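A.B. asks: Please see the structure below; I have some questions.
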Amino acid sequence: MKDNSTIEDNRVVTEFLSNKLKEIDSELSRLKKERDVTYGMLRDLNFGLLKINNINPTEKRIDIKILRSYIIDYLKFRNGKPTKSCFIYDYLNSKYKNLNKSSFRTHLLKMKKEGLIYPTYKKGYWKI
Numbered sequence: 002m003k004d005n006s007t008i009e010d011n012r013v014v015t016e017f018l019s020n021k022l023k024e025i026d027s028e029l030s031r032l033k034k035e036r037d038v039t040y041g042m043l044r045d046l047n048f049g050l051l052k053i054n055n056i057n058p059t060e061k062r063i064d065i066k067i068l069r070s071y072i073i074d075y076l077k078f079r080n081g082k083p084t085k086s087c088f089i090y091d092y093l094n095s096k097y098k099n100l101n102k103s104s105f106r107t108h109l110l111k112m113k114k115e116g117l118i119y120p121t122y123k124k125g126y127w128k129i
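Under the numbering used here, the final residue of the sequence shown carries the number 129; numbering is consecutive throughout.
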């Protein structure tokens, strides 16, 4: 008799925990949707503010040649020492406040393919 009651108790607890997980998953899904909507509203608002002030968002982007020259200049300033990419990013971000990290990484990889800079044996470090 005890075995059957223990099994039944385990089923009840399992069902309760399963339902609790479903509730948590649905709440997470709802919050994610709410976050996406809020982020979209913020993005649209920022884009609208730029248009109101007669600023074309593409004009705010950094010229690629200037960005590359600053990267090379900074690495030359470091006298060929391996430099972590976050330090290069911080240096460039002090000059350009709207620098995007993903585009920065893309430019580093393009410069690597062109042979302008080289990665070191440490992950995230670059040199000339």
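Ideal Cβ placement from N, Cα and C applies to all residues, glycine included. All values derive from a computational prediction rather than experimental measurement.
(1) Which word fits T84, buried or exposed, when buried means at least 16 other C-beta atoms lie within 10 angstroms of its C-beta?
(2) Under 8 Å between the Cβ atoms of S95 and G125?
(3) Would you identify the three-state DSSP class for T84, choosing helix, strand or coil?
(4) Examine the Cβ distances between the segment 75-82 and the segment 98-113 and report whether three or more of them are shorter than 8 Å.
(5) Please look up how many angstroms separate the CB atoms of Y122 and K128, rounded, as I've assumed it's under 8 Å.
(6) Under the DSSP definition of a beta bridge, which residues are partnered with Y119?
(7) Please tell me whether M112 and I67 are closer than 8 Å, where the distance is taken between their beta carbons.
(8) Compute the Euclidean distance between the alpha carbons of L22 and D10, then round it to the nearest angstrom.
(9) Where I25 and V14 are concerned, what is the direct C-alpha to C-alpha distance, given to the nearest angstrom?
(10) DSSP on N101, reduced to helix/strand/coil?
(11) Return the chain-ordered list of same chain residues with a C-beta closer than 6 Å to the C-beta of N5, the five sequence neighbours on each side being excluded.
C.D. replies: Reading from the atomic positions:
(1) buried
(2) no
(3) strand
(4) no
(5) Contact flag wrong, Cβ pair sits at about 11 Å.
(6) K128
(7) no
(8) 18 Å
(9) 16 Å
(10) coil
(11) none
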